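Okay, so here's the structure we're looking at.
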Amino acid sequence: MTDRYGVIGHPIAHSKSPIIHQLFAKQTKQDISYEAFDIRPDDLDKEVRRLVKDGLRGFNVTVPHKEAIAELADVLVGQALRCKAVNTVTVAEDGTLAGDNTDGLGLLRDLRRNLRVSLAGELILILGAGGATRGIVPALLEAEPAELKIANRTSERAELLADEFGEYGPVQACTFDALEQQPFDLVINATSAGLRGETPPFPSSIIGPDTVCYDLSYAMSETPFLSWAREHGGENLYQGWGMLVEQAAESFMIWRGERPDTEDVLRRLRRPPDKLALAVPG
Ligand code: ATR
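Numbering (numbering that gives the first Met the number 0) for the sequence shown: 0 to 281.
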């Protein structure tokens, strides 16, 4: 019998998870289906109960439900124990929900394995202090950077995260204009500003020619953050396509016990212009 899985979010129409998981299923010859469910925050509890009753074996969770599902789950496991946000739920035979989070591991795998970026002993800066940052900070700290700085427009949010995660490693908070005049080894954009076509006033001193600039957002053309980074001398520019596919592979592994090959799926999703590819005459 076909095992049913899905992704919940609001909005959800543009989610790439159904296509990614269908490609994984085909590649591993597993008999699963995977659908997108648009659930409004007010209906979350009721709709999740309905999906469980309908026999879903597991589901991914995206914006804006990751923190609410961490509250609703019967048990938190893996990275979700630390970051208190859930992107992967496994439904047990008795209907209980186990919440895990694969975002951080997906990011680490893309950075270290796909892009060959080292993290241990490095200076890392995360721009933004919302849900996306919460999901990746504990995993990044496990990679033992020299320092992890969280910079945000609203300093209180960054400080709250730095306080919460301080026990896991060297993490500090500041505002954009308090960033010191030195380039970081890795700058990760976790703000949602780019979705509105905006680029906040990040100081250009955070980027040097050796800085790896990674945008958690992804698009078929260059994202506003990466355009900004390129204009300020950034040469190593990456969008979040790899993290998207790697976090999905980690979820698939949790559910099905088999890790799919991500390279082929990533290629099919058409990894968009990296590394000045936009400058290639065409
Ligand atoms: P998500 O769950 O996607 O991370 P979020 O919780 O709404 O979404 O957080 C969005 C992040 O982007 C926050 O850090 C937000 O800054 P504030 O905490 O100051 O609101 C940041 N952000 C969004 N638009 C921004 C903008 N125009 N300039 C600077 N930061 C912005």
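For each residue, glycine too, the CB sits at the ideal point set by N, CA and C.
Note that this is a predicted model, so its numbers are computed, not measured.
Exercise. Identify the continuous beta strand (DSSP E) that holds Ile149 and give its terminal residues.
Key: Glu146 to Ala150
Practice problem: Work out the CA separation of Phe224 and Arg195 for me, nearest whole Å. | Solution: 11 Å
Quiz item: Applying the criterion that 16 or more other CB atoms from any shown protein chain within 10 Å of the CB defines a buried residue, is Arg81 buried or exposed?
Solution: buried
Exercise. Counting only the same chain and skipping the five closest in sequence on each side, list residues whose C-beta sits under 6 Å from that of Gly307.
Key: Since the first residue of the chain shown is 0 and the last is 281, residue 307 is not available in this structure.
Self-check item: Heavy atom of ligand 1 within 7 Å of Arg152 beta-carbon
Solution: yes
Quiz item: Which stretch, first to last residue, makes up the beta strand (DSSP E) that contains Gln171?
Solution: Val170 to Cys173
Quiz item: Is Gly98 near ligand 1, in the sense that its beta carbon is under 7 Å from a heavy atom of that ligand?
Solution: no
Quiz item: Can you tell me whether DSSP reads Thr89 as helix, strand or coil?
Solution: strand
Quiz item: Who pairs with Leu236 in a beta bridge, going by DSSP?
Solution: Cys212
Quiz item: Taking 7 Å as the cut-off, does the CB of Thr174 come closer than this to any heavy atom belonging to ligand 1?
Solution: no
Quiz prompt | Simplified DSSP state of Ala276, which is helix, strand or coil | solution = The predicted model places Ala276 with a pLDDT of 41, which falls under 50 and marks its position as unreliable; any figure quoted below should be read in that light. In this structure, Ala276 counts as helix in the three-state DSSP scheme.
Self-check item: Neighbourhood of Pro63 by C-beta distance below 7 Å, restricted to the same chain and skipping five residues each side
Solution: His9 and Pro40
Quiz item: Comparing the CB of Thr132 with every heavy atom of ligand 1, is any distance shorter than 7 Å?
Solution: yes
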